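Trainee: Sequence lines, in order, name chains A and B. 0 is the number of the first residue of the first sequence in numbering that gives the first Met the number 0; add one for each residue after it. 0 is the number of the first residue of the second sequence in numbering that gives the first Met the number 0; add one for each residue after it.
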Amino acid sequence: METSRSAGLEAGAEPVRRAPSVLTRFLRSRSAVAGAILLGAWIFVAIAAPLLAPYDPTETVALARRPPTAAHWFGTDLLGRDLFSRVLFGSRISLQLGLISVALGALPGIALGLVAGYYAGLIDTLVSRFVDALLAFPSILLALVVIAALGPSIQNVMIAVGVASVPQYARLVRGSVLAIKQLPYVEAARVIGAPSLRVMWRHVLTNAYAPVLVLSTLQIGNAILVGSGLSFLGLGAQPPIPEWGLMSAEGREVLQRAWWISTFPGLAILSVVVASNLLGDGMRSAFDPKMRM
Amino acid sequence: MTALLEVEDLRVHFGSGDAIVRAVDGVSLRIEAGETLGIVGESGSGKSVTALSLLRLVPTPPGRIAGGRIAFAGTDLLSLPIERMRAIRGREIAMIFQDPMTSLNPVLTVGRQISEVLELHLGLDSAAARRRTIELFEMVGIPAAATRVGDYPHHFSGGMRQRVMIAMAIACRPKLLVADEPTTALDVTIQAQILDLIRSLQHELGMALIVITHDLGVVAGMADRVAVMYAGRVVEEGPSDRIFGAPRMPYTIGLLQSVPRADARGQRRLTPIAGAPPEPYGETRSCRFAPRCTHAEAACRGTVPVLREVAAGHRAACLRDIEAPWVRPS
Chain A
0 METSRSAGLE AGAEPVRRAP SVLTRFLRSR SAVAGAILLG AWIFVAIAAP
50 LLAPYDPTET VALARRPPTA AHWFGTDLLG RDLFSRVLFG SRISLQLGLI
100 SVALGALPGI ALGLVAGYYA GLIDTLVSRF VDALLAFPSI LLALVVIAAL
150 GPSIQNVMIA VGVASVPQYA RLVRGSVLAI KQLPYVEAAR VIGAPSLRVM
200 WRHVLTNAYA PVLVLSTLQI GNAILVGSGL SFLGLGAQPP IPEWGLMSAE
250 GREVLQRAWW ISTFPGLAIL SVVVASNLLG DGMRSAFDPK MRM
Chain B
0 MTALLEVEDL RVHFGSGDAI VRAVDGVSLR IEAGETLGIV GESGSGKSVT
50 ALSLLRLVPT PPGRIAGGRI AFAGTDLLSL PIERMRAIRG REIAMIFQDP
100 MTSLNPVLTV GRQISEVLEL HLGLDSAAAR RRTIELFEMV GIPAAATRVG
150 DYPHHFSGGM RQRVMIAMAI ACRPKLLVAD EPTTALDVTI QAQILDLIRS
200 LQHELGMALI VITHDLGVVA GMADRVAVMY AGRVVEEGPS DRIFGAPRMP
250 YTIGLLQSVP RADARGQRRL TPIAGAPPEP YGETRSCRFA PRCTHAEAAC
300 RGTVPVLREV AAGHRAACLR DIEAPWVRPS
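#1: Can you tell me whether T101/B is helix, strand or coil according to DSSP?
#2: On a CA-only basis, which of V139/B, G140/B, A144/B is nearest R129/B? Give me that one, please.
#3: Using a Cβ-Cβ cut-off of 8 Å, state whether I109/A counts as contacting chain B.
#4: I want to verify the contact list: residues of chain B whose CB lies under 7 Å from the CB of Y184/A, in sequence order.
#5: How would you write the range of the alpha helix (DSSP H) that F114/B sits in, first residue to last?
#6: Beta carbons nearer than 7 Å to chain B: which residues of the segment 195-211 of chain A have them?
#7: Going straight from the alpha carbon of T294/A to that of R256/A, what length do you get?
#8: Note down, in chain order, all residues in the segment 40-61 of chain B with a beta-carbon under 7 Å from any beta-carbon belonging to chain A.
#9: Is M248/B closer than 8 Å to V234/B when the C-beta atoms are compared?
#10: Beta carbon of V120/A, beta carbon of P60/B: below 8 Å?
#11: With three or more beta-carbon pairs closer than 8 Å as the criterion, would you say the segment 32-50 of chain B touches the segment 76-87 of chain B?
#12: Pull up the CB-CB distance for M246/A and G89/A, whole angstroms please, since I reckon it's below 8 Å.
#13: Return the chain-ordered ranges of every alpha helix (DSSP H) run that is complete within the segment 95-183 of chain A and spans a minimum of 4 residues.
#14: State the Cα-Cα distance for the pair S239/B and H313/B, rounded to the nearest angstrom.
#15: Counting only beta-carbon atoms, is A267/A nearer than 8 Å to chain B?
#16: Just to confirm, are I165/B and V187/B a CB contact at a threshold of 8 Å?
#17: Measuring CB to CB, does L166/A end up less than 8 Å from D98/B?
#18: Could you tell me whether any Cβ in chain A is nearer than 8 Å to the Cβ of D98/B?
#19: Tell me which same chain residues have a C-beta within less than 8 Å of the C-beta of P357/B, skipping the five on either side of it?
#20: Mind checking whether R88/B and G220/A have CB atoms under 8 Å apart?
#21: Who are the near neighbours of A295/A in its chain, counting only those whose CB is closer than 6 Å to its CB and skipping five residues on each side?
#22: Would you check if the distance between the CB atom of A45/A and the CB atom of R91/A is smaller than 8 Å?
#23: What's the call for V176/A, buried or exposed, on a 16-neighbour Cβ count within 10 Å?
#24: Does the beta carbon of R189/A come closer than 8 Å to any beta carbon on chain B?
#25: Short check: CB of A72/B to CB of L121/B, under 8 Å?
#26: What separation, rounded to the nearest whole angstrom, lies between the Cα atoms of A236/A and S152/A?
#27: Using a 10 Å radius around the Cβ and a threshold of 16 neighbouring Cβ atoms, would you call E236/B buried or exposed?
#28: Pull up the distance between the alpha-carbon of A18/B and that of G281/B, whole angstroms please.
#29: When DSSP labels each residue in this structure, what does E1/A get in the three-state scheme?
#30: Can you round the beta-carbon distance between V172/A and I122/A to whole angstroms, since I take them to be within the 8 Å contact cut?
#31: Quick check on V116/B - is its C-beta less than 8 Å from some C-beta in chain A?
#32: Counting only the same chain and skipping the five closest in sequence on each side, list residues whose C-beta sits under 7 Å from that of P66/A.
#33: Check whether the segment 146-159 of chain B and the segment 63-80 of chain B touch, using three or more Cβ-Cβ pairs below 8 Å as the test.
#34: Taking only beta-carbon atoms, is A10/A less than 8 Å away from chain B?
#35: Please classify H202/A: does DSSP put it in a helix, a strand, or coil?
#36: Along chain A, in chain order, which residues have C-beta atoms closer than 8 Å to that of M167/B?
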């Protein structure tokens with residue numbers, strides 16, 4: 000460090016001020032922090048649900064369709080189960096569904112998109128036509144096909160939702176890669192003799208993550224919604240599992256007389272989706288090296 | 000003695016079918032160890048594609064090396080397996096680019112990008128690579144080297160980024176450095192500094208240097224020999240003082256008449272070359288410069304002139320025997 004300081008003084012350079020770290024910049028964004036706290040809170044709830052929930056989520060503990068009271072904060076559902084406890088336990092399933100299905104969709108999708116965009120030519124044509132074919136189906140239909148093949152269960156919903164989102168990631172990543180691989184620094188990396196995989200990974204993909212990150216966070220919300228939809232159709236979570244989508248579907252029939260049965264699970268879905276979007280947006284700005292000034 | 004680099008009849012085509020663009024159409028070059036070769040020509044004349052071909056980095060598709068031979072230190076590069084070619088890139092032949100603003104990966108620190116070369120080719124561990132990177136930064140004149148290695152490219156000005164690129168290029172002490180328009184994107188005062196730096200590093204490391212530029216001034220000050228390219232072909236080639244003092248190809252003469260010269264006596268009008276470069280499509284059956292040439296005659300439109308020796312080590316591709324209106328004794 001001694002040498003560096005003297006070199007700096009010789010050159011008349013002002014003292015080099017260190018750029019704030021990614022974390023510092025992330026913490027500066029209020030909405031990102033709010034998203035992180037909210038999502039963190041839900042993760043905490045998911046882990047600690049048995050300790051936090053006042054009642055067993057699958058047991059009838061009161062009269063059916065009772066409005067919120069001090070004993071039952073969110074009221075009771077069609078069968079007289081405590082809705083508050085069910086929402087707390089529901090976070091376990093919904094968060095798992097969101098995170099796992101995003102991972103199942105993003106990893107193969109990113110790999111396909113990267114290979115298609117980087118190699119171009121025949122490989123690109125094959126991958127892109129495959130992706131186009133998948134995109135031609137509504138993702139719920141794709142998910143239905145997967146469920147039909149694998150059978151209804153919450154695990155298969157995760158696989159189905161993941162598979163259904165693969166083409167979106169592949170398309171998105173391919174587009175970014177096509178733009179990035181034209182940039183001189185990618186050529187520069189090849190000029191220094193870096194092998195293709197290394198160029199792809201280190202120079203292309205690291206610059207393409209921003210839209211992927213944003214899509215993934217949006218996709219968490221979408222996965223929870225599609226998973227809920229499948230549960231509603233009887234293809235996902237089976238009663239009496241406390242799953243938010245299933246719960247709000249159950250209350251749909253009685254929305255006018257017992258609004259709380261659908262509303263509280265719906266609000267839970269909303270808060271997780273908003274939290275993951277805020278978080279994704281904040282991460283994107285924090286990782287952007289151009290903001291490191 | 001064999002030359003360090005010998006390019007023979009190199010052909011690079013883009014596209015296919017009727018729309019083939021012959022970006023490089025039979026280029027031959029030769030450069031000895033430690034020598035400086037300037038390649039000049041206007042945009043689209045095939046300079047940069049020639050340079051990329053040396054590393055076999057012509058974007059394929061749509062481009063492909065359609066023919067010719069590139070021998071580097073006696074090795075035929077075009078038939079080399081890709082792994083061995085990679086071992087040459089960055090280690091034996093290095094390259095710097097025109098635009099230092101986009102030649103560095105924005106998400107990696109400059110130190111890591113230079114370390115990458117050292118790790119790839121010299122197998123240095125990260126601590127050794129970091130030490131060497133700091134040395135390299137000092138060699139290329141980046142102040143506060145030890146602290147700057149941790150900075151990201153956007154922390155550097157254009158001139159400093161070009162110094163980073165040069166540090167990366169010389170990291171493995173290459174035998175040949177290809178500088179493709181190294182100063183075009185920089186402002187004039189920085190240009191001179193960067194050229195001085197390249198020149199002094201060349202002497203220090205004993206590298207051969209290919210400077211590609213459209214700026215005759217850059218070449219005049221640096222090159223031992225100059226090759227002038229037009230529409231994918233070398234149209235004149237010779238020692239620097241011959242090219243500037245006694246050019247024999249009307250295109251070169253035209254280029255020199257269209258730029259102001261500090262060594263011109265009295266007042267002289269700048270004469271532009273009329274017309275525009277030819278469409279690059281299709282096969283060549285005539286002198287491609289003929290439509291713009293004030294000396295063209297019927298024969299120029301029916302034959303492709305080949306390079307012929309007009310003086311010792313000086314070759315020009317012109318059917319006629321044209322001399323510049325000025326001739327400087329070499």
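Note that the Cβ used here is the ideal one computed from N, Cα and C, for glycine as well. Keep in mind that this is a model prediction, so the values were computed, not measured.
Mentor: Concretely, from the data shown:
#1: In the structure shown, the three-state DSSP call for T101/B is coil.
#2: Closest option to R129/B, Cα to Cα, is A144/B.
#3: By this cut-off, I109/A is not an interface position.
#4: Going along chain B in sequence order, the residues near Y184/A (Cβ under 7 Å) are T101, S102, L103, N104.
#5: The sequence given here places Ser at residue 114/B; Phe does not occur at that position. 109-121 is the extent of the alpha helix (DSSP H) around S114/B.
#6: Listed in sequence order: H202, T205, N206.
#7: Outside the displayed range of chain A (0 to 292) lies residue 294/A, so it cannot be described from this structure.
#8: Hits within the stretch, in order: L54, L56, P60.
#9: Annotated as proximal: V234/B and M248/B, with beta-carbon spacing under 8 Å.
#10: Looking at the sequence itself, residue 120/A is Gly, so the reference to Val does not match. P60/B is positioned such that its CB atom lies closer than 8 Å to that of G120/A.
#11: No, they do not touch.
#12: That belief holds up - the Cβ atoms of M246/A and G89/A are roughly 6 Å apart, short of 8 Å.
#13: Taking only runs of at least 4 residues, the alpha helix (DSSP H) segments lying wholly in the segment 95-183 of chain A are 120-134, 138-149, 153-179.
#14: Looking at the two C-alpha atoms, the distance is approximately 10 Å.
#15: So, not an interface residue.
#16: No, the pair does not count as a contact, with Cβ atoms beyond the cut-off.
#17: Looking at the sequence provided, one finds Pro at residue 166/A rather than Leu. Not a contact, by the Cβ cut-off of 8 Å.
#18: Answer yes: the Cβ-Cβ gap between D98/B and chain A drops below 8 Å somewhere.
#19: It is not possible to answer for residue 357/B, since the shown part of chain B is limited to 0 through 329.
#20: For the 8 Å CB-CB criterion, R88/B and G220/A do not form a contact.
#21: Since the first and last residues shown for chain A are 0 and 292, residue 295/A lies out of range.
#22: Annotated as proximal: A45/A and R91/A, with beta-carbon spacing under 8 Å.
#23: Buried is the call here.
#24: It does; some Cβ of chain B falls within 8 Å.
#25: Cβ atoms of A72/B and L121/B: not closer than 8 Å.
#26: If you draw a straight line from the Cα of A236/A to the Cα of S152/A, it is about 6 Å long.
#27: Classification of E236/B: buried, given that the 10 Å Cβ count is 16 or more.
#28: Our two residues, A18/B and G281/B, have alpha carbons roughly 7 Å apart in a direct line.
#29: In this prediction, E1/A scores a pLDDT of 38, lower than 50, which makes its location untrustworthy; the coordinate-derived value is nonetheless stated afterwards. Helix, per DSSP.
#30: For V172/A against I122/A, the beta-carbon gap comes to about 14 Å, at or over 8 Å, which does not count as contact.
#31: Interface residue, yes.
#32: Excluding residues within five positions, the ones whose Cβ falls inside 7 Å are G74, W259.
#33: Output reads no: the segment 63-80 of chain B does not touch the segment 146-159 of chain B.
#34: Summary for A10/A: the model assigns pLDDT 41, below 50, so the residue's position carries little reliability, and this model does not support an answer.
#35: DSSP places H202/A in helix when its eight states are reduced to three.
#36: Listed along chain A are A187, I191, each with a C-beta nearer than 8 Å to that of M167/B.
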